[in-house]
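Protein chains in written order, with the numbering used here: chain A, 331 to 590; chain B, 59 to 328.
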């Protein structure tokens, strides 16, 4: 039993090590020429632009729900005036970044894993290499970079849509004006709330792109393997995001005291 | 030992002609030297030595799963041998990385067994892809060359189709057009006539013969013996990862090995 557990832990550590090396190699090769600007930009569009409806709608709905919950809590203390600020802080510091990370892991992680997995099992990755194209750089590095670039942008959008959703809920309940709502929402929010929390999602992007690309490049066993890769990309990148978020929050607390 | 004889000891038969110059052609384009490759516990290539002369056509025969495709993948550097060396124009391919490897690969074209077309772009863009990556030609010239390559394989009307809309045989031909896109000095072809009707298969054979006559070195993996006889200057047969016969078609016809003779008598397609 203990031996089996040991083997499991060792294989888990080996997997984490392999993925980390894959990500580190991607970051290293990203700064070496030739640069795949066109392909990277195409993926930023695919990952960012095409995720926009999901992100915007989810952000809006989260804003509405958070607003209702915050009202229910603050009403007891007669602190309804704090609803916009409380909502903005909660969204910007944690809810927005984490939700954006998990949503993108679901939509984009599955897509990258399935696409690269299918390319692997149909020898398209080998075909790229055969025409003298660095498949790792062309397929993995571009997607990882695109995830890193797109995540903070999507996070800013989910934050804004969430705050807007909060306004819609609040104005329909209390009739609060837009100018008063947004004034109160941003009265205590500072750049040091927004910047670290938003840019930590670049790390989420790195995780999503790396895990999904790694699994895609190592897909075996045909279409069944592609399905497994797609699922594993979502599950593993989501777990990694949730776990690494703990470390990042602690780090932000350390660098920006009381701002994480 | 004469050509077409089963090798004793090391299992490497000698060629019917001079190994470096089987057809009175140029120097050595490709050389595999004692190449051994295993996947898990299974030895797929066992001490294989092959020399292929510049501008010649070399046909690799053998039953399914005997290591023919693996041999091609070693030549283009998609696989590295566990032991031995693979030289292309004198460069040790497994030892190359980065730009050096890319340079060697640019001199080669590879038709995969299942064509391996990029399924997210059109057939024409598949053929244009190597040209876009490795030339600074204007878009109009790239399209023109891609169309010409597609015309060579009778697919000129299918430039804008997606690979999923093609039949298996059409995919194969499109894959061949992509492999020829950069006018490679060496063309590696994995089962060119598999899935093709006899007339198209014959046309592909003629196309390959034409390329050989223009000086392209061909390495063709095939089960189609009439096709191998037509294209190949030299034929070799792999069995259980070992090269058991090598020589001209006539020499293999007279092989001491019953299996080689039986294989050569077959009219196997694909």
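By construction, the Cβ of each residue, glycine as well, lies at the ideal position given by its N, Cα and C atoms.
Query	Result
If you measure from the beta carbon of residue 453 (chain A) to each beta carbon in chain B, is any gap under 8 Å?	yes
Which value, in whole angstroms, describes the spacing of the CA atoms of residue 333 (chain A) and residue 565 (chain A)?	26 Å
Residues in the same chain with beta-carbon distance under 7 Å from residue 412 (chain A), minus the five sequence neighbours each way, listed in chain order, please.	404
In three-state DSSP terms, what is residue 166 (chain B)?	strand
Kindly list, in the order they appear in chain B, the residues whose Cβ is closer than 8 Å to that of residue 456 (chain A).	131, 136, 170 and 174
Entirely within the stretch 221-265 of chain B and at least 3 residues each: give me those beta strand (DSSP E) ranges in chain order.	244-248
I'd like to know if residue 188 (chain B) contacts chain A, where contact means its C-beta is closer than 8 Å to some C-beta of that chain.	yes
Rank A:533, A:391, A:347 and A:436 by C-alpha distance to the C-alpha of residue 562 (chain A) and give the top, closest one.	A:436
Residue 295 (chain B) bridges to which residues according to DSSP?	B:119 and B:303
Starting from residue 164 (chain B), find everything on chain A with Cβ-Cβ shorter than 7 Å and list it in chain order.	462
So the candidates are A:577, A:481 and A:377; which of them puts its Cα closest to the Cα of residue 531 (chain A)?	A:481
Where does the unbroken alpha helix (DSSP H) through residue 348 (chain A) begin, and where does it stop?	332-360
Are the beta-carbon atoms of residue 537 (chain A) and residue 567 (chain A) separated by less than 8 Å?	yes
Could you pull the DSSP bridge partners for residue 442 (chain A) from this structure?	Residue 442 (chain A) pairs with nothing; no bridge assigned.
Give me the subset of the stretch 397-409 of chain A whose CB atoms are less than 7 Å from a CB atom of chain B, sorted by chain position.	none
Taking Cβ to Cβ, would you say residue 393 (chain A) is nearer than 8 Å to residue 495 (chain A)?	yes
Per DSSP, residue 94 (chain B) is paired with what?	B:141
The alpha helix (DSSP H) with residue 100 (chain B) in it runs from where to where?	Here residue 100 (chain B) belongs to no alpha helix (DSSP H); instead the beta strand (DSSP E) covers 100-111.
So, is residue 363 (chain A) buried or exposed, given that buried needs 16 or more other C-beta atoms within 10 angstroms?	exposed
Taking its Cβ as the centre, do 16 or more other Cβ atoms sit within 10 Å of residue 569 (chain A), making it buried, or is it exposed?	exposed
Check whether the Cβ of residue 521 (chain A) lies closer than 7 Å to any heavy atom of the ligand HEM, and answer yes or no.	Absence of the ligand HEM is noted for the structure shown, with no ligands found whatsoever.
Do you know how far the Cα of residue 203 (chain B) is from the Cα of residue 183 (chain B)?	11 Å
I'd like the ranges of any alpha helix (DSSP H) spanning at least 4 consecutive residues and lying wholly in the stretch 476-520 of chain A.	508-515
Classify residue 499 (chain A): buried if its beta carbon has 16 or more other beta carbons within 10 angstroms, exposed otherwise.	buried
Please determine, among A:367, A:529 and A:517, the residue with the shortest C-alpha to C-alpha distance to residue 467 (chain A).	A:367
Tell me the residue span of the alpha helix (DSSP H) that contains residue 175 (chain B).	Residue 175 (chain B) -> no alpha helix (DSSP H), and no H or E assigned at all.
Against chain A, does residue 232 (chain B) count as a neighbour if the rule is that its beta carbon must be under 8 Å from one of theirs?	no
Against residue 147 (chain B), what residues of chain A qualify as contacts under a CB-to-CB distance less than 7 Å, listed in chain order?	Ordered by position in chain A, no residue passes the 7 Å Cβ test against residue 147 (chain B), which lies about 15 Å from the chain.
So the candidates are A:541, A:390, A:427 and A:417; which of them puts its Cα closest to the Cα of residue 397 (chain A)?	A:417
Could you round the C-beta distance between residue 113 (chain B) and residue 275 (chain B) to whole angstroms and report it? I think they count as a contact, below 8 Å.	6 Å
Is the beta carbon of residue 546 (chain A) closer than 8 Å to that of residue 446 (chain A)?	yes
In the structure shown, what three-state DSSP assignment does residue 586 (chain A) receive?	coil
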